[in-house]
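**Student:** One structure follows; several queries about it will come next.
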Amino acid sequence: SVTSDGAVEDTTNLGAPSQYGSYRIEFTSTQVLFYIDDMKTPVSTHTLRIPVVDLTFKFSTAQRAGGSNTM
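Per this note's numbering, the sequence shown starts with residue 246, numbered consecutively.
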């Protein structure tokens, strides 16, 4: 589970997108895949801490210094 202190949150640097993106999250019992635009190549794959019950995802992006973005 994600805590308010971010103890189990992971971030992925997305570079500096030049426009809006389409995002997709695929969730299975063994992995979670995160896609942006391409929808064929995940930008991030998580294989640890996969929940076994229904959950609500917190999905966010943030712009950082230098124009890079994180997911």
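Here a beta-carbon is modelled for each residue, glycine too, at the ideal position from N, C-alpha and C.
Note that the structure is predicted; figures quoted are calculated from it, not measured.
For V277, count neighbouring Cβ atoms within 10 angstroms of its own Cβ and tell me buried if that reaches 16, exposed if not.
**Tutor:** buried
**Student:** Between the beta-carbon of R269 and the beta-carbon of M284, is there less than 8 Å?
**Tutor:** Yes. Within cutoff.
**Student:** Sorry if obvious, but does the Cβ on M284 come closer than 7 Å to a heavy atom of the ligand PLP?
**Tutor:** The model on display carries no ligand, and the ligand PLP is accordingly not part of it.
**Student:** Could you tell me whether the Cβ atoms of G266 and I281 are closer together than 8 Å?
**Tutor:** Less than 8 Å divides the Cβ of G266 from the Cβ of I281.
**Student:** Tell me the DSSP bridge mates of R294?
**Tutor:** DSSP lists no partner for R294.
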